[in-house]
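Asks: Mapping the sequence shown onto our numbering, position 151 (from 1) lands on 151, and the numbers just tick up by one.
Backbone N, C-alpha and C fix where the C-beta goes; we use that ideal spot for every residue, glycine too.
Sharing a structure below in structure tokens format, with a few things to ask.
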Amino acid sequence: MKVYTKTGDKGETSLFGGARVSKGNLRIHAYGTVDELNSYIGLLRDLCTEEPRAIELIRIQDRLFTLGAILATESASAKKRLPLIYLTDIDYLEKAIDEMESTLEPIKTFVLPGGHPTVSHCHIARCVCRRAERLTVELAEVNEVEELTIQYLNRLSDYLFVLSRFFTKVLNATEVPWIPEKK
1 MKVYTKTGDK GETSLFGGAR VSKGNLRIHA YGTVDELNSY IGLLRDLCTE
51 EPRAIELIRI QDRLFTLGAI LATESASAKK RLPLIYLTDI DYLEKAIDEM
101 ESTLEPIKTF VLPGGHPTVS HCHIARCVCR RAERLTVELA EVNEVEELTI
151 QYLNRLSDYL FVLSRFFTKV LNATEVPWIP EKK
């Protein structure tokens, strides 16, 4: 099988189940952004020096592939053949957040993204995750989207924020609080 099929040369693509839609379709934007996020998670995994976090990131990448497949499927009959996102997937993220937060000082203010390239990449991944969430919410306004899909993305953005703080500590980077400039 060749990588190029030429079936998208006129700006259309196929959803799981066979329906053809414009590459500008909201569903394509949603799962394309999830794919972008998955790539960023892969970069974070490559930069990760903490084995437990690397294992978490692999599991997250698996869940994002599942989430992307769900978003790429419109027909109910095709959805029956897909893996699902479960409440246990959200619980997994919450436990990881709680574990990392137990090692951190409580946050008292917003922090400026940055301090180390790995920390910055966490913040970029968090922003991509928030965009994926917004697009999925927008898709849910016009198509049926499982509630756990949106919840997973919401919790994942929380995880990525805490991961940025965790890496700040592990890498001895400086966490810079946001202090609004007063004029």
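What residues in its chain sit with their C-beta under 8 Å from that of Ile-90, if we drop five residues either side in the sequence?
Replies: As a first step, residue 90 must be located in the sequence shown, where it is residue number 90. Contacts found: Leu-148, Gln-151, Tyr-152 and Arg-155.
Asks: Measure the alpha-carbon distance for Val-145 versus Val-119 and round it to whole angstroms.
Replies: Sequence index remark: in the sequence shown, residue 145 carries index 145 (1-based). Sequence index remark: in the sequence shown, residue 119 carries index 119 (1-based). One C-alpha to the other measures close to 32 Å.
Asks: On the DSSP bridge list, what partners appear for Pro-177?
Replies: Residue 177 sits at position 177 when you count from the first residue of the sequence shown. In DSSP, Pro-177 forms a bridge with Val-111.
Asks: What is the rounded straight-line gap between the Cα of Ile-70 and the Cα of Val-137?
Replies: Taking the first residue of the sequence shown as position 1, residue 70 is located at position 70. Taking the first residue of the sequence shown as position 1, residue 137 is located at position 137. In a straight line, the C-alpha of Ile-70 is about 14 Å away from that of Val-137.
Asks: Tell me which same chain residues have a C-beta within less than 8 Å of the C-beta of Leu-112, skipping the five on either side of it?
Replies: To locate residue 112, count along the sequence shown from 1; it is residue 112. Counting only Cβ-Cβ distances below 8 Å, and skipping sequence neighbours, we find Val-176, Pro-177 and Trp-178.
Asks: Any idea what DSSP makes of Thr-103, helix, strand or coil?
Replies: As a working note, residue 103 is residue 103 in the sequence shown. Three-state DSSP puts Thr-103 in coil, outside helix and strand.
Asks: Where does Val-128 land, buried or exposed, given buried means 16+ other C-beta within 10 angstroms?
Replies: Mapped onto the sequence shown, residue 128 falls at position 128. Buried, because 16 or more other Cβ atoms sit within 10 Å of the Cβ of Val-128.
Asks: I'd like to confirm something about Cys-129: is its beta-carbon nearer than 7 Å to some heavy atom of the ligand ATP, or not?
Replies: This structure lacks the ligand ATP; in fact it carries no ligand of any kind.
Asks: Quick check: the Cα distance between Glu-50 and Pro-106, rounded to an integer number of angstroms?
Replies: Position 50 of the sequence shown, counted from the start, is the residue given in the question as residue 50. Position 106 of the sequence shown, counted from the start, is the residue given in the question as residue 106. One C-alpha to the other measures close to 21 Å.
Asks: For the alpha helix (DSSP H) containing Leu-57, list its first residue and its last residue.
Replies: Within the sequence shown, the letter at position 57 stands for residue 57. Residues 51-71.
Asks: Among Arg-53, Arg-45, Ala-54 and Glu-36, whose alpha-carbon lies nearest the alpha-carbon of Gly-68?
Replies: Taking the first residue of the sequence shown as position 1, residue 68 is located at position 68. Of the candidates Arg-53, Arg-45, Ala-54 and Glu-36, the one whose C-alpha sits nearest the C-alpha of Gly-68 is Glu-36.
Asks: Leaving aside the five residues before and after Cys-122 along the sequence, list all residues of the same chain whose C-beta is less than 7 Å from its C-beta, in chain order.
Replies: Locating residue 122 in the sequence shown gives position 122, where the first residue counts as 1. These residues qualify, in order along the chain: Leu-44, Leu-160, Leu-163, Ser-164 and Phe-167.
Asks: For Arg-63 versus Leu-139, is the C-beta distance shorter than 8 Å?
Replies: Residue 63 sits at position 63 when you count from the first residue of the sequence shown. Residue 139 sits at position 139 when you count from the first residue of the sequence shown. Their beta carbons are not under 8 Å apart, which means Arg-63 does not touch Leu-139 by this criterion.
Asks: Identify which residue in Thr-109, Glu-74 and Ser-39 has its Cα closest to the Cα of Ala-19.
Replies: The residue given as residue 19 occupies position 19 in the sequence shown. Just measuring C-alpha positions, the residue of Thr-109, Glu-74 and Ser-39 sitting nearest Ala-19 is Glu-74.
Asks: From Lys-108, Glu-94, His-116 and Leu-135, pick the residue whose C-alpha is nearest to that of Thr-33; which is it?
Replies: Sequence index remark: in the sequence shown, residue 33 carries index 33 (1-based). Looking at the Cα atoms, Leu-135 is the closest of the given residues.
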